[in-house]
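Let me begin by presenting the structure, written as structure tokens, before commenting on it.
Protein chains: 2
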Amino acid sequence: MKYTVLKRDGRAKRAEMETVHGTIQTPVFMNVGTVGAIKGAVSTADLEEIGTQVELSNTYHLHVRTGDELIKEMGGLHKFMSWNRPILTDSGGFQVFSLAGLRKIKEEGVTFNSHIDGRKIFMGPEESMQIQSNLGSTIAMAFDECPPALAEREYVRPSVERTTRWLERCIKEMAELNGRPDTVNKEQLLFGINQGAIYADIRIEHAKRISEFDLPGYAIGGLAVGESHEQMYYILDETVPYLPENKPVYLMGVGTPANILEAVDRGVDFFDCVYPTRNGRHAHMYTNHGKLNLMNSKYEKDDRPIEEGCGCPACRRYSRAYIRHLLKAKEMLGMRLGVLHNLYFYNHLMEEIRDAIDEGRYKEFKNQKLKDLAGE
Amino acid sequence: MKYTVLKRDGRAKRAEMETVHGTIQTPVFMNVGTVGAIKGAVSTADLEEIGTQVELSNTYHLHVRTGDELIKEMGGLHKFMSWNRPILTDSGGFQVFSLAGLRKIKEEGVTFNSHIDGRKIFMGPEESMQIQSNLGSTIAMAFDECPPALAEREYVRPSVERTTRWLERCIKEMAELNGRPDTVNKEQLLFGINQGAIYADIRIEHAKRISEFDLPGYAIGGLAVGESHEQMYYILDETVPYLPENKPVYLMGVGTPANILEAVDRGVDFFDCVYPTRNGRHAHMYTNHGKLNLMNSKYEKDDRPIEEGCGCPACRRYSRAYIRHLLKAKEMLGMRLGVLHNLYFYNHLMEEIRDAIDEGRYKEFKNQKLKDLAGE
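So the sequences go chain by chain: A and B. For the first sequence, this note's numbering assigns the number 658 to the initial residue and increments by one for each residue that follows. For the second sequence, this note's numbering assigns the number 658 to the initial residue and increments by one for each residue that follows.
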């Protein structure tokens, strides 16, 4: 893996990251395919068409559903889902803490009940690495605890310390797994995760500590889970400078186009979020003049595309009126076209961001784009 | 419209039909898109890729849901759904009799309650023609009564007589509508429908009677609704010879690949059926060696495509194991890939049928194919 910063514009970074599954141009938005597929009947052939660079799959979902061991037997997640560009897998921790029936957090790991069949499952750093190794993703995420955004300092500090100890166990386990002869992807990369809720001092201390491990990349976790946008930007302002500047920075689960524009300006490279897919399935469409709700009756006879000039497969061929009709009739095709448009919008936004940094006009671009997106 | 029989092989016919929306090669299977979209998130771009010649939409569904008047304002169904090849619309009658809350059949028409919002709607021959004219389909179907397959003679005879009177009103109304300056498709074609349940004498008498109207095509309705396959083939044997031999014959709502093979051998040109789409959404996949149920655990680790050598977008890229995983996880993409495969299978079967007739080897082809499909 080789990460090269091509250009800096203020704190905004334009970089490229070479992996065994191809080169990633950053800043990049990863398209979320929870169970090894993008919701809304979007195929990997579609992802290629809409310019997706990195697909993100959820370790928890693949583990409790079809099983990572089966996927390993099938040659790994890339082969299983027919996607040969980079894949990032999360650690499973976030879903365990938010979705599954969490039973107990101990030093060893976490015991929880599957949301599918209720069976009791244990997951610790080693188990998370084993699952991600079975999936063979390009980038694996460290197993961490993600405390609630507004948790008390007294809860957050020991939680973060445990996350550091878990990271050390992840690093050790990943090195061991990458060395095994039957490993799907022997060059699997591990990103560490910074935690600390909204306490800048805890975040900074933790950022310094995990930077010592010289990992191929670092993520900022535990944001966009209840705090205000201002708090999120403040934490980025304070924390990013303490992460290695020659490594990619990934802001997990973020966010709106405005969040992304602001975070890029604070040095973030990688993003992921369910907003474009979830909104696309619910008639909320992104445009450069604000979001449209296609359920609104004013679009009933609107024969324009979702956005004039958009190059996505929905806009190149179908009208607002038709997509609205499909969504009203609960035809899956309506959801699919909505998801294709929104993912294309996000992917294209990142391309514009990269161009603006390349050309040294990021601040100006950001300010104008924020106005456009607000419909001003 | 010009219909040319290119070749006969026994009673099997190989023909082409020129329409304002392009030429249809028959025998043909029409792909059913109920509400102006194929269920399973299949787009018109997908239909072009899988070789669909004719799309079929349901008048009843488009009338009670989005409304044919809105679709007319949007330039007609072809423009609305972005499909420039032929479209056939049914009359709405079948859904009124089977799906809606039917209230009363009178000489004027039928009163029923919408299955969407319960509102009371009246539909007679004139209304059906007006709706189909608003949609601007290539081929409109006459408004008929579809009596239950096993109805008594005493019910069927007067019903068929009324269907004839309704046909005369359809012809008159369609001529009037096609002459209007603001009509979407001034060359809209009307097919008459033969009824008579399983009573060959009533079918024959009715076939002779409607043939006198010299319509551009004729359908056989009211089959595949409860009678046995043998009864269906018997009715085809008896009735088809009394329909004009220089006109296309459409067997409505049929059927399995075996039904189609047998019906082609009895002179049928056009088919439609929800089997490939419905089965595709429920893990039942057609192959030349019988149907597969992908939910079966034996496909859990099967990395072969649904059918080896198949050229459909699902088989070219995805494995049985992956599609099974998607269907188990209730990911829409699984349904979409299933529908794409099954529609491609049907479209490709028709291509093989046309080739076999062209080459004068239809009987032989049919017998071998029936064995293959039965997994023998």
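Note that the Cβ used here is the ideal one computed from N, Cα and C, for glycine as well.
Collapsed DSSP secondary structure at residue i in the structure displayed
i: residue 833 of chain A; result: helix
i: residue 760 of chain B; result: strand
i: residue 666 of chain B; result: strand
i: residue 870 of chain B; result: coil
i: residue 863 of chain B; result: helix
i: residue 1075 of chain B; result: The structure shown does not extend to residue 1075 of chain B, since chain B spans only 658 to 1033, so no value can be given for it.
i: residue 996 of chain B; result: helix
i: residue 941 of chain B; result: strand
i: residue 702 of chain A; result: helix
i: residue 714 of chain B; result: strand
i: residue 849 of chain A; result: strand
i: residue 1024 of chain B; result: helix
i: residue 730 of chain B; result: helix
i: residue 681 of chain B; result: strand
i: residue 973 of chain B; result: coil
i: residue 750 of chain A; result: helix
i: residue 887 of chain A; result: helix
Residue-level contact to chain A via CB, residue i, 9 Å cutoff
i: residue 978 of chain B; result: yes
i: residue 985 of chain B; result: yes
i: residue 756 of chain B; result: no
i: residue 857 of chain B; result: no
i: residue 1005 of chain B; result: no
i: residue 831 of chain B; result: no
i: residue 952 of chain B; result: no
i: residue 988 of chain B; result: yes
i: residue 727 of chain B; result: yes
Sequence-distant residues of its chain with Cβ nearer than 6 Å to residue i (five each side left out)
i: residue 691 of chain A; result: 715 and 718
i: residue 917 of chain A; result: 928
i: residue 671 of chain B; result: 663, 664, 1011, 1014 and 1015
i: residue 1022 of chain A; result: 1013
i: residue 760 of chain A; result: 768 and 769
i: residue 666 of chain B; result: 1014, 1017 and 1019
i: residue 876 of chain B; result: 848, 850, 907 and 909
Identity of the residue in the options nearest residue i by Cα
i: residue 705 of chain A; options: A/1001, A/1009 and A/1019; result: A/1001
i: residue 941 of chain B; options: B/896, B/993 and B/893; result: B/993
i: residue 780 of chain A; options: A/671, A/758 and A/944; result: A/758
i: residue 985 of chain A; options: B/721, B/713 and B/666; result: B/721
i: residue 1031 of chain A; options: A/943, A/996, A/969 and A/799; result: A/943
i: residue 890 of chain A; options: A/925, A/904 and A/870; result: A/925
i: residue 888 of chain A; options: A/981, A/919 and A/1003; result: A/919
i: residue 860 of chain A; options: A/815, A/827, A/825 and A/1028; result: A/815
i: residue 774 of chain B; options: B/723, B/696 and B/868; result: B/723
i: residue 1029 of chain B; options: B/947, B/989, B/961 and B/958; result: B/947
i: residue 885 of chain A; options: A/807, A/667, A/787 and A/712; result: A/807
i: residue 686 of chain B; options: B/1026, B/1004, B/1025 and B/1027; result: B/1004
Contacts around residue i, its chain only, beta-carbon distance under 8 Å, and the 5 residues preceding and following it disregarded
i: residue 1008 of chain B; result: 708
i: residue 678 of chain B; result: 735, 741, 742, 743, 744 and 795
i: residue 845 of chain A; result: 789, 790, 793, 794, 795, 796, 797, 831, 834 and 835
i: residue 936 of chain A; result: 942, 943, 948, 995 and 999
Cβ separation of residue i and residue j, assumed to be a contact under 8 Å, to the nearest whole Å
i: residue 790 of chain B; j: residue 834 of chain B; result: 4 Å
i: residue 928 of chain B; j: residue 908 of chain B; result: 6 Å
i: residue 802 of chain A; j: residue 820 of chain A; result: 5 Å
i: residue 878 of chain A; j: residue 850 of chain A; result: 4 Å
i: residue 694 of chain A; j: residue 990 of chain B; result: 5 Å
The ligand SAM heavy atom lying under 8 Å from the CB of residue i
i: residue 1017 of chain A; result: Of ligands this structure carries none, so the ligand SAM is not represented either.
Cβ of residue i within 9 Å of any chain B Cβ
i: residue 992 of chain A; result: yes
i: residue 702 of chain A; result: yes
i: residue 940 of chain A; result: no
i: residue 975 of chain A; result: yes
i: residue 965 of chain A; result: no
i: residue 739 of chain A; result: yes
i: residue 695 of chain A; result: yes
i: residue 1045 of chain A; result: Given that chain A is displayed from residue 658 to residue 1033, the structure contains no residue 1045 of chain A and the question cannot be resolved.
i: residue 922 of chain A; result: no
i: residue 732 of chain A; result: yes
Cutoff 7 Å; reference residue i; Cβ partners in own chain excluding five residues on either side
i: residue 661 of chain B; result: 672 and 673
i: residue 762 of chain A; result: 802
i: residue 978 of chain B; result: 956, 957, 958, 959 and 960
i: residue 910 of chain A; result: 881, 929 and 930
i: residue 895 of chain B; result: 857, 860 and 861
i: residue 1026 of chain B; result: 918
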